[in-house]
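Okay, so here's the structure we're looking at.
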Amino acid sequence: MAEAKFVLALLVFLCSIFSMSLADSNDFQYCSKKNYDVKVSGVDITPSPVQRGINTTFSISAYSDKDISGGKMQIDVKYWIFNVYSETHDLCEETPCPISAGDFVIAHTQALPGITPPGSYTLTMKMMDGKKHELACISFDFSIGFFAAAEPKVAVADS
């Protein structure tokens, strides 16, 4: 009887992990109801769920009806309720500048250390122009898998 309860508990746990990995991590929210100059249309995370120790690319599809000559992109990451990471990038390092009016994509690639705890995270991204005017602010959730990526094997050619 105890064995059956253990198997049932294990099955429920595995199903919950599987359903978390199928969750759509690409939904985003604006930080406020403000009418931002840059309209975000989507967020793509590759791979999803994020894996520790390998490169992850966060791509943000957006639109502006004005040219953007440059600016900054501020990224803040929370693990549960704790701020765990902040960084600021030159916008022109994440997408070619000047950004012409119309559709554009901001892509940021980063490898997370192998010691990063698995679980749910929230990323907030603020985009500001050269005069520090906030062009957009969004937040979205993403998950980091329970297993780190395997160390890549390097083939050595015989001399």
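Mature numbering (1 follows the signal peptide of the UniProt record, and there is no 0) puts the sequence shown at residues -23 to -1, 1 to 136.
Yeah, the Cβ is synthetic: ideal placement off N, Cα and C, and Gly gets one too.
Computed from a predicted structure; not experimentally measured.
With contacts defined by Cβ atoms closer than 8 Å, GLY19 and ASN32 do not form a contacting pair. Residues of the same chain with a CB within less than 8 Å of the CB of CYS8, apart from the 5 flanking positions on each side, are THR101, LYS103, CYS114, ILE115, SER116 in chain order. In the three-state DSSP reduction, LEU100 falls in the strand class (E or B). For HIS85, same chain residues with a beta-carbon under 6 Å away, outside a window of 5 residues either side, are PHE35, GLU71 in chain order. Listed in chain order, the non-local C-beta contacts of GLY47 below 8 Å within the same chain comprise ASP67, LEU68, CYS69, CYS74, PRO75, ASP106, GLY107, local neighbours out to five positions each way being set aside.
For CYS114, the enclosing beta strand (DSSP E) covers residues 111 to 121. Counting every other CB atom within 10 Å of its CB across the protein chains shown gives TYR98 a total of 16 or more, marking it as buried.
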